[in-house]
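Asks: Numbers in our numbering are just positions in the sequence shown, counted from 1, shifted up by 17. Beta carbons are placed, not taken as given, at the ideal position from N, Cα and C, and that holds for glycine. For clarity, every value in this text was computed on a predicted model and none was experimentally measured.
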Amino acid sequence: MTGCPSGPHGRRRGHREEEATATPGAGPHPAPADSTSADSGLPRADSGSTPTASPPTDSVSGPPAPAVRTVLGDIPGTELGVCDSHDHLFLRSPRLPGQELDEVGAAEEQLRGFAGHGGQSLVQWTPYGMGRRSGALAELARRTGVRIVAATGLHQAVHCAEKPPADLVALFVEELTRRMRGGACDQVPRAGLVKVAGDFHGLGPHARRTMAAAAEAHHETGAPIAVHLELGTGAAEVLALLCGEREVAPSRVLLGHLGRCPDLRMQREVAESGAWLVFDGPSRAHHATDWRLFDSLADLAERGLGDRILLGGDTVTATARAETGVPYVTRVLRPRVARELGEEFARRVFVDNPARAFAVPWKG
Ligand SMILES: [Zn+2]
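1. Quick one, what's near ligand 1 if you take every residue whose CB is closer than 5 angstroms to any heavy atom, in chain order?
2. Taking F217 as the reference, which of A208, A84, V255, A230 has the closest Cα?
3. Would S151 pass as a contact of R86 if the rule is Cβ separation under 9 angstroms?
4. Can the beta-carbon of S138 be found closer than 9 angstroms to that of P344?
5. Measuring CB atoms only, is the segment 356 to 376 touching the segment 221 to 232, in the sense that at least three cross pairs come out at less than 8 angstroms?
6. Ignoring anything shorter than 4 residues or poking outside the segment 245 to 299, list the alpha helix (DSSP H) runs there in chain order.
7. Please list, in chain order, all residues of the same chain as Q177 whose beta carbon is under 6 angstroms from its beta carbon, the five residues on each side excluded.
8. Kindly indicate the opening and closing residues of the alpha helix (DSSP H) around Q127.
9. Can you tell which of P144, V211, I92 has the C-alpha that lies nearest to the C-alpha of R269?
10. Whose C-alpha, out of V295, D307, D331, is nearest the C-alpha of D324?
11. Tell me the DSSP bridge mates of A231?
12. Using the three-state DSSP reduction, which class does R86 fall into: helix, strand or coil?
13. Can you tell me which of A132, R195, Q173, P80 puts its alpha carbon nearest to the alpha carbon of L246?
14. Could you name the residues of the same chain whose beta carbon sits closer than 8 angstroms to that of A123, not counting the 5 residues immediately before and after it, in chain order?
15. Could you check whether V377 and A240 sit closer than 9 angstroms to each other, using their CB atoms as the reference points?
16. Out of E262, H274, G251, which has the shortest C-alpha to C-alpha gap to S102?
17. Taking Cβ positions, are A229 and L258 nearer each other than 9 angstroms?
18. Report the partner residues of G219 according to the DSSP bridge assignment.
19. Specify, as a first and last residue, the run of the alpha helix (DSSP H) that T334 falls within.
20. Would you say E319 touches ligand 3, meaning its beta carbon is less than 8 angstroms from a heavy atom?
21. Who are the near neighbours of P83 in its chain, counting only those whose CB is closer than 7 angstroms to its CB and skipping five residues on each side?
22. Let me make sure I understand the geometry here. Which of E262, A232, Q284, C260 has the alpha-carbon closest to that of G249?
23. Kindly indicate which three-state DSSP category L317 falls into: helix, strand or coil?
24. Taking the alpha-carbon of H134 as reference, which of F107, R351, G359 has the nearest alpha-carbon?
25. Quick one, which of E120, A158, P111 has its alpha-carbon nearest P206's?
26. Can you round the beta-carbon distance between V185 and A167 to whole angstroms, since I take them to be within the 8 angstroms contact cut?
27. Give a yes or no on whether the C-beta atoms belonging to A374 and L327 are separated by under 9 angstroms.
28. What whole-angstrom Cβ distance do G329 and V346 have, given they're in contact under 8 angstroms?
29. Taking 9 angstroms as the CB-CB cut-off, is S313 touching chain C?
30. Which same chain residues, not among the five before or five after G291, have their C-beta less than 7 angstroms away from its C-beta?
31. What is the DSSP secondary structure of P49, reduced to helix, strand or coil?
32. Would you kindly work out how many angstroms separate the C-alpha atoms of V213 and E117, rounded to a whole number?
33. Please tell me whether V287 and L310 are closer than 9 angstroms, where the distance is taken between their beta carbons.
34. Given a cut-off of 9 angstroms on the beta-carbon distance, is the pair D369 and D104 in contact?
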């Protein structure tokens, strides 16, 4: 896919939400794909090859092999390696004035810090309308060798600076299977998951509408659905809607922020449903509950539910980036998981589980 599209989708690039600079900073330099070998704690799950774009084909017969849809193309889950399953390189929200994550250079620094401690892949959960910078994500993946997965989807209405398109299913499907809107010429990644959001202990009309659209887009494409749980609540309602009413397999649903509601019984129930529990942090904003993380992990591990857990940094503000940031995940969090719960467990939550959670048989 080269050159600027001239069709109707090309015109959509006019969206102000995420105009990407075509080539941030200096020209690309060779990606040090193996620069992460300083991390000797975990077996490497990849061969160190730099991901390459793999254009979609319509001629494949039979069920497609599960793949992770990165900004540089589809790869097998086993190529993700050590994965930050929920984070943000770019994000802006009307609710977080002055805290925007918008600079390509700063994002690259975050990625290199993460990779320097063994990080190999990152899933950005920033949805439509929040400054995802899809073109810059592709450029950064090329420059650093870190695999990056981008999101389509829609957050709570309070986080959207402008009115989203009326046809959400069309938006999500287009971004998952063709191109994300807002990318610059020659930077046309596809999204690899749909991000939506619940409300505090429930689902309001906006959440129900976006989740219904996410479920429909999932059925059309195979994409996993990642859910922001408001303060870690509402998991039961989300699963009832997505998996009950809308018949999405629980294994395709990733529930974020469960640590913000450290109710171990609720967390066990969610894990037993077959959905993914995506713990994140730490952050100043959630300090009150962040310290319960290892109680949750240990509790789930003891019950044999470690195969439902994912971990990420969820860096959403400039303050969080300055205080901990993406590198914290591999510099501090993963080593502590290995210390407290064993290397095997660390490997599972940072390598094996992401390989299963983000790899799906894409239908288009
Ligand atoms: Zn997030």
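Replies: Taking the structure as given:
1. Chain-ordered list of matching residues: W142, D331.
2. Position 200 of the sequence shown holds residue 217. It is V255.
3. Here residue 151 refers to the residue found at position 134 of the sequence shown. Here residue 86 refers to the residue found at position 69 of the sequence shown. Cβ distance not < 9 angstroms, so S151 and R86 don't count as in contact.
4. Stepping through the sequence shown from its first residue, residue 138 is reached at position 121. Stepping through the sequence shown from its first residue, residue 344 is reached at position 327. No. Outside cutoff.
5. The segment 356 to 376 vs the segment 221 to 232: no contact.
6. List check, alpha helix (DSSP H) in window: 252 to 256, 281 to 290.
7. Indexing the sequence shown from 1 puts residue 177 at position 160. Note on identity: in this sequence residue 177 is Cys, with Gln being the wrong assignment. Correct list, in chain order: G146.
8. Indexing the sequence shown from 1 puts residue 127 at position 110. In the DSSP annotation of this structure, the continuous segment of the alpha helix (DSSP H) that includes Q127 starts and ends at 121 to 133.
9. Counting from 1 along the sequence shown, the entry for residue 269 is found at position 252. Closest by alpha carbon: V211.
10. Locating residue 324 in the sequence shown gives position 307, counting from the first residue. Minimum Cα-Cα distance from D324 among the listed residues V295, D307, D331 corresponds to V295.
11. In the sequence shown, counting from the first residue as 1, residue 231 sits at position 214. The partner list for A231 (beta bridge, DSSP) is empty, contrary to what the question assumes.
12. What you label residue 86 is simply residue 69 of the sequence shown in a count that begins at 1. Of the three classes helix, strand and coil, the one that applies to R86 here is strand, per DSSP.
13. Within the sequence shown, the letter at position 229 stands for residue 246. When C-alpha distances from L246 are compared across A132, R195, Q173, P80, the shortest belongs to Q173.
14. Translated into positions along the sequence shown, residue 123 becomes position 106. Taking A123 as the centre and dropping the five residues before and after it, the same chain places the C-beta of R338 closer than 8 angstroms to its C-beta, in chain order.
15. Stepping through the sequence shown from its first residue, residue 240 is reached at position 223. Stepping through the sequence shown from its first residue, residue 377 is reached at position 360. One thing to note: A240 has its Cβ within 9 angstroms of the Cβ of V377.
16. Taking the sequence shown and counting its residues from 1, the one referred to as residue 102 is at position 85. Per the Cα distances, H274.
17. As a first step, residue 229 must be located in the sequence shown, where it is residue number 212. As a first step, residue 258 must be located in the sequence shown, where it is residue number 241. Result yes, Cβ atoms of A229 and L258 sit closer than 9 angstroms.
18. By one-based count along the sequence shown, residue 219 stands at place 202. Looking at the DSSP assignment, G219 forms a beta bridge with D216.
19. Walking along the sequence shown from the start, residue 334 turns up at place 317. Run containing T334: none; DSSP gives neither H nor E here.
20. By its list of ligands, the structure shown excludes ligand 3, since it contains just ligand 1.
21. If you number the sequence shown from 1, residue 83 lands on position 66. When the five nearest sequence neighbours on each side are left out, the beta carbons in the same chain lying within less than 7 angstroms of the beta carbon of P83 are those of G94, A376, V377, P378, in order along the chain.
22. Translated into the one-based positions of the sequence shown, residue 249 becomes position 232. Nearest option by C-alpha distance: Q284.
23. To locate residue 317, count along the sequence shown from 1; it is residue 300. In this structure, L317 counts as helix in the three-state DSSP scheme.
24. Locating residue 134 in the sequence shown gives position 117, counting from the first residue. Per the Cα distances, R351.
25. Walking along the sequence shown from the start, residue 206 turns up at place 189. Looking at E120, A158, P111, the one whose alpha-carbon comes closest to that of P206 is A158.
26. On the sequence shown, position 168 is the one that residue 185 refers to. On the sequence shown, position 150 is the one that residue 167 refers to. Looking at the sequence shown, residue 185 is not Val but Leu. 17 angstroms between Cβ atoms; not a contact.
27. As a working note, residue 374 is residue 357 in the sequence shown. As a working note, residue 327 is residue 310 in the sequence shown. It is a contact, given that the beta carbons lie within the stated cut-off.
28. Locating residue 329 in the sequence shown gives position 312, counting from the first residue. Locating residue 346 in the sequence shown gives position 329, counting from the first residue. Confirmed, about 7 angstroms.
29. The structure shown contains no chain C; it holds only a single protein chain.
30. Stepping through the sequence shown from its first residue, residue 291 is reached at position 274. Counting only Cβ-Cβ distances below 7 angstroms, and skipping sequence neighbours, we find P267, S268.
31. Here residue 49 refers to the residue found at position 32 when the sequence shown is read from its first residue. Low local confidence applies: a pLDDT of 34 at P49 is under 50, so the model's placement there is unreliable, with the coordinate-based value given in what follows. Assigned with DSSP and collapsed to three states, P49 falls in coil, not helix or strand.
32. For this step, residue 213 is matched to residue 196 along the sequence shown. For this step, residue 117 is matched to residue 100 along the sequence shown. Between V213 and E117, the C-alpha separation is close to 20 angstroms.
33. Residue mapping note: residue 287 aligns to position 270 of the sequence shown, counting from 1. Residue mapping note: residue 310 aligns to position 293 of the sequence shown, counting from 1. No, they are not a contact pair.
34. Walking along the sequence shown from the start, residue 369 turns up at place 352. Walking along the sequence shown from the start, residue 104 turns up at place 87. Result no, Cβ atoms of D369 and D104 do not sit closer than 9 angstroms.
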